[in-house]
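See below for the structure under consideration.
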Amino acid sequence: AALPRLGEFNSQELANFAWACACTGRIEADRISALLDRVINGFATFEPIDLSQLYQFWLFLRVEHPHVRQFEPHHQQSLRRAYTGTMPRPWRLQRDVSAALSRLGWIH
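Note that the sequence shown covers residues 50 to 157 in this note's numbering.
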């Protein structure tokens, strides 16, 4: 399992792992805290593309695990800025996700 090795992950690997958890929906609520601790403690080391992936992880947490600890508001703002600013125009996946969230009535 990858979670015991989180301390060995660099920033990019950590962002990729969080993003993969969001894409697959495969992370237990009790392990989210360990992942969040690692991400928050190294927040300043993430590149914008990594923060963009973490934004998608945060959206996953908000929908699938709303009762677990979340990112602090200042982290949320940084993640959103990175997500909306990493590409000159949104990727198709980003547009599809945004459209789905809008259909659900979720302001994002």
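Ideal placement from N, C-alpha and C gives every residue a C-beta, glycine not left out.
With contacts defined as CB atoms closer than 8 Å, residue 106 and residue 68 qualify as a contacting pair. In this structure, residue 100 and residue 82 do not form a Cβ contact; the two beta carbons are roughly 20 Å apart against a cut-off of 8 Å.
Relative to the Cα of residue 91, the nearest Cα in the group 61, 129, 145 belongs to 61. The beta-carbon distance between residue 64 and residue 117, rounded to whole angstroms, is 19 Å. This is too long to meet the 8 Å contact definition.
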